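K.L.:
One structure follows; several queries about it will come next.
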Amino acid sequence: IRASHSGVPWAKIVWFKGAIPRHAFCLWLSFHKAHLTKDKLQNIGLIQCSLCSFGCGQQESMNHLFFECPFTKSVWSKVLEFNICPFPTACSWDSTASWALGRTKGRQFHRWMRRVGLAATVYHSWRERNSRIFRHVATSPSQVVDRIAFD
């Protein structure tokens, strides 16, 4: 028997009909701020250098990786263009979560597309970061955007 408890406000942004499971899981990690970014790995002594994998010279944190890095900013701007959304000037995970709560709930197609776009962008940005670290393979922002559109 499962105990009844109140859900988190972002549950329907992550888990919805038509969600790609690997994208949803990656987005779930983001809402929990559970991605093992280089700053976290450095803090626990697993790595020495926490510079961004996209080569911008900044420290890799969740906010930097997904919103401040020029590489991912370029990806976000194209994805938001697809969804006819203006690119926010100040971005962080917290502000994105607030934005998503207000603009992705509902059954309208454009709201569904925003949920899909959010999850796919987070997933493919994380995947590109891992590809650069573990496989030493780098692609351009436009190639990442193409993968997002293809999914």
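The opening position of the sequence shown corresponds to residue 15 in the numbering used here, with each subsequent residue numbered one higher.
Virtual Cβ for every residue (Gly too), placed ideally from N, Cα, C.
Quantities reported herein were computed from a predicted structural model and do not represent experimental measurements.
#1: Got a sec: is the Cβ-Cβ distance from Ser139 to anything in chain C below 7 angstroms?
#2: What residues match up with Leu65 in a beta bridge as DSSP calls it?
#3: Ignore the nearest five residues each way along the sequence and tell me which others in Ala163's own chain have a CB closer than 8 angstroms to its CB.
#4: Between the region 81-96 and the region 135-147, do at least 3 Cβ pairs fall closer than 8 angstroms?
#5: Nearest by alpha-carbon distance to Ala48: which of Asn77, Cys70, Val130, Cys63 is it?
#6: Would Val93 and Thr135 qualify as a contact pair, given that the criterion is a beta-carbon distance under 7 angstroms?
#7: What residues in its chain sit with their C-beta under 7 angstroms from that of Thr51, if we drop five residues either side in the sequence?
#8: I'd like to know whether the C-beta atoms of Ala38 and Ala133 end up nearer to each other than 7 angstroms.
#9: To the nearest angstrom, how far is the alpha carbon of Ile61 from that of Leu55?
#10: Expressed to the nearest angstrom, what Euclidean distance is found between the alpha-carbon atoms of Cys40 and Cys99?
P.N.:
With the structure as the only source:
#1: Structure shown: chain C not included; a single protein chain is present.
#2: Counted from its first residue, the sequence shown places residue 65 at position 51. The bridge partners DSSP lists for Leu65 are Gln73.
#3: For the purposes of this step, residue 163 is taken as residue 149 along the sequence shown, with counting starting at 1. Here the set comprises Phe96.
#4: Enough Cβ pairs lie closer than 8 angstroms, so yes.
#5: Position 34 of the sequence shown, counted from the start, is the residue given in the question as residue 48. Of the listed residues, the one whose Cα sits closest to Ala48 is Asn77.
#6: Working through the sequence shown from its first residue, we reach residue 93 at position 79. Working through the sequence shown from its first residue, we reach residue 135 at position 121. Yes, they are a contact pair.
#7: The count along the sequence shown starts at 1 and reaches residue 51 at position 37. For Thr51, where only same-chain residues beyond five positions count, the Cβ hits under 7 angstroms are Glu74, Ser75, Met76, Leu79.
#8: By one-based count along the sequence shown, residue 38 stands at place 24. By one-based count along the sequence shown, residue 133 stands at place 119. Contact flag set, yes.
#9: Within the sequence shown, numbered from 1, the residue matching residue 61 stands at position 47. Within the sequence shown, numbered from 1, the residue matching residue 55 stands at position 41. CA-CA distance, Ile61 to Leu55, rounds to 6 angstroms.
#10: Residue mapping note: residue 40 aligns to position 26 of the sequence shown, counting from 1. Residue mapping note: residue 99 aligns to position 85 of the sequence shown, counting from 1. Computed Cα separation, rounded: 22 angstroms.
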